[in-house]
Amino acid sequence: MAQDASTPPPASQNSSPGPHHGEPTEFHGVAANALPLTASEDRQWATLAHFGGILGFVPSLLIYLIFKERGPFTAQESKEALNFTLPPTIAAVLANILVLVPVVGNIFAVIATLIWIALTIFSVNAGVHVNRGQPHRYAFNLRLIH
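Numbering of the sequence shown is given in the numbering used here, commencing with residue 22 and proceeding in unit increments.
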């Protein structure tokens, strides 16, 4: 079936003209299979996974999901950081919700603050350790994600 000039192209084709009039434009983006991390990038992302513990488990989760196939050190350390930060983050969120309970709310505010302080200290300590290129194991870690 031939199209004349007045008929618009089907929805499956790109409507912008390519190098030759009427051809669809090619997409030039990032390859689906990203390159492996260099040794310094691997150490950098592993360090950031631990430092991200200051903000809870989300940074280490994102780093684990994005970079686990690209660098072995990052995969190992982001999983360790994720396993460590997940339970205290959940506990801190629950404590912050319980702050709204009359009479005992102040106690939960103190508990949430202490959880965040401990998470910050352990995460920074681990980040410094990993930045030296040494793997870090938290003493108290449930290791829920294998």
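For glycine and all other residues, C-beta sits at the position ideal for the given N, C-alpha and C.
These numbers were taken from a predicted model, which means no experiment stands behind them.
Closest by C-alpha distance to residue i, when choosing among the options
i: T134; options: T95, H71, S61 and G77; result: G77
i: L163; options: P108, L56 and R91; result: P108
i: I142; options: I128, Y159, V131 and N127; result: Y159
i: L69; options: L83, P57, T59 and A130; result: L83
i: S99; options: V79, T106 and A67; result: A67
i: L165; options: L58, P57 and A102; result: A102
i: H150; options: T59, Q65 and L58; result: Q65
i: A147; options: V124, T106 and H167; result: T106
Residue i classed as buried or exposed, judged by whether at least 16 other C-beta atoms fall within 10 angstroms
i: S144; result: buried
i: H157; result: buried
i: E90; result: exposed
i: R153; result: exposed
i: S36; result: The predicted position of S36 is uncertain, since its pLDDT is 49 and thus under 50; a value taken from the coordinates is nonetheless stated next. With fewer than 16 Cβ atoms within 10 Å of its Cβ, S36 is classed as exposed.
i: N54; result: exposed
i: F94; result: buried
i: H71; result: buried
i: G92; result: buried
i: T110; result: buried
i: N104; result: buried
i: L56; result: exposed
i: A139; result: exposed
Supposed contact pair residue j and residue i - C-beta distance, whole angstroms, cut 8 angstroms
i: G186; j: S81; result: As displayed, the chain neither begins before 22 nor continues past 167, which places residue 186 out of reach and without an answer.
i: W137; j: A113; result: 6 angstroms
Interface flag, residue i vs chain B, CB-CB below 8 angstroms
i: K89; result: Annotation note: the requested chain B is absent from the structure, which comprises a single protein chain.
Stretch-stretch touch, CB-based, cutoff 8 angstroms, three pairs: the stretch 117–135 with the stretch 81–89: no
Contained alpha helix (DSSP H) runs [length at least 4] in the stretch 100–146, N- to C-terminal order: none
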